[in-house]
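These notes are about the structure you will find just below.
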Amino acid sequence: MRLFDLSWLFLLWLNPNASLQQNEIKCQLTLPPLRGTRYEPAYRSLFSPGEKIRVTCGEGYWILNTQTTSTETTCKNDRDWTIRPVCEEVTCSHPQALYLDHWGDSGQQQRLGDTVTYRCGSDYRSTDGAPWATCTRDGWEPNPLCQAAYGCKRPPSISNGDIKTSAKYHYQHKERVEYICQQYYTMEGGPFKTCINGEWTAEIRCHQNCRVPEVPASLRIATDVTGNQIRKGQHLTFACQDSSHVIKGNATIECLENGQWSNPLPTCEAALGCWRPPSLSDGDIKTSTKYQYQHNERVEYICQQYYTMEGGPFKTCINGEWTGEIRCLPAKDCRRSPPPLSHGQAKPGTRYPYRHNDKVEYVCDTDYGMEGGPFKTCVDGDWVGEMRCRLAHGCGRPPPLSDGDTKSRPKYQYQHNDKVEYICQPYYVMEGGPFKTCKDGEWTGEIRCLRPCTVNRDDMNRHNIQFKHRRDDKLYSEHNDVIVFECKRGYRHDGAVGMRQTCEHGVIHLPTCQ
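Residue numbering for the sequence shown is -20 to -1, 1 to 494, as defined by mature numbering (1 follows the signal peptide of the UniProt record, and there is no 0).
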């Protein structure tokens, strides 16, 4: 034996598993499995050549190269599998179908069960008649998506109507013809029939019109009518010319399919008046009553306190009889407290339980404004009234004040509850104020600057008067100032206007001496 062979045997003796480890081949699986994939046996990741596993796919997944949901695959000597053991999501690609005019997915792949709208080209139609296709394991359904559409023979005739143009012996898919009705007939549906895949579609019928009848002088047509023809299904309503007369018969008649009216014309007869209206238990008539009422007169009823009305509130005299159902029923109390209001509360009440028609006022918390409200009312046992408190709005610049101004330079924006102080011009007196407050988007607070009065010498000379007191001799007198006048020497007061006058918002009346 050669020296090399002996050395090799010696190495094997030292490590008898070395050659086995070098020759051991394994196929590997990824654990845990990818989404939609399940292995049998589970929980093993290494397999020797010749070993098999079963791969099962979940709903919406398949093994791509076999397009099946379950298969066996075998570990090969090259550490690969006879079939790649991975389940992939079932998808459908953009079809390359002929005669396809529109496909609605913009080139994206679709999953199992997805639908896409589509439209076939001219002279073609969808195979199953629906405007959508569905992604299946076998591809897009229906398959094929489009097929040639059939043409049509001569279009059908219609009773009391005609085709507008001369008809042909054959029509292409989607060709259409127009119909017209004969004189005194009106079309229902139409006016076109269209050839769709071998059949003429659309329902068209020609109905005979009804002539508008001549009415006697006592009767009038209350319906707006144009011309003297009425179509099938339309109505005519009649009324009496004299409001003291009533209709006898059917006030409304209908045009039937055969061109006849559903009922004969009604007539008018004098209506009867009514005696005093009937009393109402636990209720009253709102106004004083008369002994006699004309036809169509009515009276209004109200229920007594703590009663609620059912029906009404009016009864009407119709041809000698009072019509209108009214009852006054005992109203239920509200035994529940007024309902809570988010970011607000009800003002404290003094009554419990609350009686019918009692009101409770609500207010919102600081920095909140109210929408709706502010009252909820007890109505027959329930609280009625809608409101909510929401964050209050701020305000823009405060409004100007005639003959006045804000005390400080105004801002462009103010918060809810912010105040602005106003001042009046010299000699002007403020009424109200001096503050306006921002309340939920609006400036509140009434302020006026009342003008002073001026009394000049020329006016006094014309009236032959002068100031009685030296203190009144001034250019401006403020609102509510009292000025006392007296006649000049040699003149006498005429008595029309008193000598003691008060300045009122820029106006003062001067007495006259003669």
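Even glycine gets a Cβ: it sits at the ideal position worked out from N, Cα and C.
Exercise. Roughly how many whole angstroms lie between the Cα atoms of Gly119 and Thr46?
Worked result: Taking the first residue of the sequence shown as position 1, residue 119 is located at position 139. Taking the first residue of the sequence shown as position 1, residue 46 is located at position 66. Rounded to whole angstroms, the gap between the alpha carbons of Gly119 and Thr46 is 14 Å.
Exercise. Looking at C-alpha atoms only, which residue of Gln188, Trp302, Tyr408, Met479 is the closest neighbour of Arg278?
Worked result: Mapped onto the sequence shown, residue 278 falls at position 298. For the residues Gln188, Trp302, Tyr408, Met479, the minimum Cα distance to Arg278 belongs to Trp302.
Problem set entry | Met410, DSSP secondary structure in three states | Within the sequence shown, residue 410 is the residue found at index 430, counting from 1. Met410 falls in the strand class under three-state DSSP.
For this session: Could you pull out every residue in the same chain whose Cβ sits closer than 8 Å to the Cβ of Pro21, ignoring the five residues on either side in sequence?
Result: Counted from its first residue, the sequence shown places residue 21 at position 41. Within the same chain, Ile33 come within 8 Å of Pro21 by CB-CB distance, once the 5 residues on both sides are set aside.
Exercise. Just how far apart, CA to CA, sit Gly425 and Thr417?
Worked result: Within the sequence shown, residue 425 is the residue found at index 445, counting from 1. Within the sequence shown, residue 417 is the residue found at index 437, counting from 1. Cα to Cα, Gly425 sits roughly 7 Å from Thr417.
Problem set entry | Candidates Gly141, His153, Thr145: closest to Ala129 by CA position | Within the sequence shown, numbered from 1, the residue matching residue 129 stands at position 149. Closest option to Ala129, Cα to Cα, is His153.
Exercise. Roughly how many angstroms lie between the CA atoms of Val96 and Trp112, to the nearest whole one?
Worked result: On the sequence shown, residue 96 is found 116 positions in, with the first residue counted as 1. On the sequence shown, residue 112 is found 132 positions in, with the first residue counted as 1. Rounded to the nearest angstrom, the gap between the Cα atoms of Val96 and Trp112 is 5 Å.
Exercise. Ends of the alpha helix (DSSP H) at Met167?
Worked result: The residue you call residue 167 lines up with position 187 of the sequence shown. Secondary structure note for Met167: it is in no alpha helix (DSSP H), and the uninterrupted beta strand (DSSP E) holding it is 165 to 169.
Exercise. Hey, out of Ser259, Gln214, Pro244, Gly253, whose CA is closest to Glu237's CA?
Worked result: On the sequence shown, residue 237 is found 257 positions in, with the first residue counted as 1. Ranking the options by Cα distance to Glu237, first place goes to Gln214.
Problem set entry | CB of Tyr151 within 7 Å of CB of Cys190, strictly | Mapped onto the sequence shown, residue 151 falls at position 171. Mapped onto the sequence shown, residue 190 falls at position 210. No, Cβ-Cβ distance for Tyr151 and Cys190 is not below 7 Å.
For this session: Could you tell me whether the Cβ atoms of Cys358 and Met350 are closer together than 7 Å?
Result: Taking the first residue of the sequence shown as 1, we reach residue 358 at position 378. Taking the first residue of the sequence shown as 1, we reach residue 350 at position 370. With respect to Met350, Cys358 sits apart: the two C-beta atoms are not nearer than 7 Å.
Problem set entry | Met479 in three-state terms, based on DSSP | For the purposes of this step, residue 479 is identified with residue 499 of the sequence shown, where counting begins at 1. If DSSP states are grouped into helix, strand and coil, Met479 belongs with coil.
Exercise. Exposed or buried, Lys133, counting other C-beta atoms within 10 Å across all chains shown (16 or more means buried)?
Worked result: Position 153 of the sequence shown, counted from the start, is the residue given in the question as residue 133. Counting Cβ neighbours within 10 Å, Lys133 comes out exposed, since fewer than 16 surround it.
Exercise. Would you call Ser457 buried or exposed, if buried means 16 or more other Cβ atoms sit within 10 Å of its Cβ?
Worked result: Within the sequence shown, numbered from 1, the residue matching residue 457 stands at position 477. Buried, since its Cβ has 16 or more Cβ neighbours within 10 Å.
Problem set entry | DSSP beta-bridge partners of Thr424 | As a working mapping, residue 424 is identified with position 444 in the sequence shown. DSSP lists Thr417 as partners of Thr424.
For this session: Can you give me the Cβ contacts of Arg156 inside the same chain, cut-off strictly under 8 Å, excluding the 5 residues immediately before and after it?
Result: Counted from its first residue, the sequence shown places residue 156 at position 176. Result list for Arg156: Phe172, Lys173, Thr174, Cys175, in chain order.
For this session: Taking Met479 and Val464 to be in contact with their CB atoms under 8 Å, please state how far apart those CB atoms are, rounded to whole angstroms.
Result: In the sequence shown, the residue the question calls residue 479 occupies position 499. In the sequence shown, the residue the question calls residue 464 occupies position 484. That pair is a contact at about 6 Å.
Problem set entry | Opposing strand residues paired with Lys339 [DSSP bridges] | Within the sequence shown, the letter at position 359 stands for residue 339. Paired residues: Thr357.
Exercise. Is the distance from the Cβ of Cys115 to the Cβ of Leu78 below 7 Å?
Worked result: Position 135 of the sequence shown holds residue 115. Position 98 of the sequence shown holds residue 78. The answer is no: Cβ separation not under 7 Å.
Problem set entry | Where the beta strand (DSSP E) containing His215 begins and where it ends | One-based indexing of the sequence shown puts residue 215 at position 235. Segment 215 to 220, the beta strand (DSSP E) holding His215.
For this session: Just the C-alpha distance for Leu216 and Ala197, rounded to the nearest angstrom, thanks.
Result: As a working note, residue 216 is residue 236 in the sequence shown. As a working note, residue 197 is residue 217 in the sequence shown. Between Leu216 and Ala197, the alpha-carbon positions lie close to 17 Å from each other.
Exercise. What whole-angstrom Cβ distance do Ile160 and Lys148 have, given they're in contact under 8 Å?
Worked result: Here residue 160 refers to the residue found at position 180 of the sequence shown. Here residue 148 refers to the residue found at position 168 of the sequence shown. That belief does not hold up - the Cβ atoms of Ile160 and Lys148 are roughly 18 Å apart, past 8 Å.
Problem set entry | beta strand (DSSP E) runs contained entirely in the region 240 to 318, provided each spans 3 or more residues | Counting only runs of 3 or more, we get 247 to 250, 263 to 265, 278 to 283, 287 to 291, 294 to 298, 301 to 303, 306 to 310.
For this session: Determine, using beta-carbon pairs with one atom in the region 377 to 387 and one in the region 323 to 336, whether at least three such pairs fall under 8 Å.
Result: Three or more beta-carbon pairs separated by less than 8 Å are not found between the region 377 to 387 and the region 323 to 336, which leaves the two stretches without contact.
Problem set entry | Collapsed DSSP secondary structure at Leu(-18) in the structure displayed | Counting from 1 along the sequence shown, the entry for residue -18 is found at position 3. Model confidence at Leu(-18) stands at a pLDDT of 36, short of 50, so the residue's coordinates are unreliable and nothing is read from them.
Exercise. What residues in its chain sit with their C-beta under 7 Å from that of Ser73, if we drop five residues either side in the sequence?
Worked result: To locate residue 73, count along the sequence shown from 1; it is residue 93. Here the set comprises Gln89.
Problem set entry | Helix, strand or coil at Asp385 [DSSP, three-state] | Here residue 385 is taken as the residue at index 405 of the sequence shown, counted from 1. In this structure, Asp385 counts as strand in the three-state DSSP scheme.
Problem set entry | Spatial distance of Ala(-3) from Gly16 (CA atoms) | Locating residue -3 in the sequence shown gives position 18, counting from the first residue. Locating residue 16 in the sequence shown gives position 36, counting from the first residue. Reliability fails at Ala(-3), whose pLDDT of 38 lies under 50, so the model's placement of it is uncertain and the value that follows must be treated cautiously. Rounded to the nearest whole angstrom, the CA to CA distance from Ala(-3) to Gly16 is 40 Å.
Exercise. The beta strand (DSSP E) with Arg156 in it runs from where to where?
Worked result: Position 176 of the sequence shown holds residue 156. Boundaries of the beta strand (DSSP E) harbouring Arg156: 156 to 161, taken from the DSSP string.
Exercise. Considering only residues of the same chain and omitting the five flanking positions on each side of Arg64, which have a CB-CB separation below 7 Å?
Worked result: Here residue 64 refers to the residue found at position 84 when the sequence shown is read from its first residue. Asn45.
For this session: Starting from Asp362, follow the alpha helix (DSSP H) in both directions and report where the run begins and ends.
Result: If you number the sequence shown from 1, residue 362 lands on position 382. No alpha helix (DSSP H) holds Asp362; the beta strand (DSSP E) holding it covers 362 to 364.
Exercise. So Arg437 is in the alpha helix (DSSP H); what residue range does that whole segment cover?
Worked result: Sequence index remark: in the sequence shown, residue 437 carries index 457 (1-based). It spans 437 to 443 - the alpha helix (DSSP H) in which Arg437 sits, taken as one unbroken run.
Problem set entry | With 16 other Cβ atoms within 10 Å as the buried cut-off, status of Phe218 | The residue given as residue 218 occupies position 238 in the sequence shown. So Phe218 ends up on the buried side.
Exercise. Are the Cβ atoms of Tyr281 and Ala311 separated by less than 7 Å?
Worked result: Taking the sequence shown and counting its residues from 1, one reaches residue 281 at position 301. Taking the sequence shown and counting its residues from 1, one reaches residue 311 at position 331. When the beta-carbon positions are compared, Tyr281 and Ala311 stay at least 7 Å from each other.
Problem set entry | CA-to-CA distance, Cys283 to Val409, given in whole angstroms | Taking the first residue of the sequence shown as position 1, residue 409 is located at position 429. Taking the first residue of the sequence shown as position 1, residue 283 is located at position 303. CA-CA distance, Val409 to Cys283, rounds to 51 Å.
Exercise. Starting from Leu125 and walking both ways along the beta strand (DSSP E), at which residues does that stretch end?
Worked result: Stepping through the sequence shown from its first residue, residue 125 is reached at position 145. Following the DSSP letters along the chain, one finds Leu125 in no beta strand (DSSP E), marked with neither H nor E.
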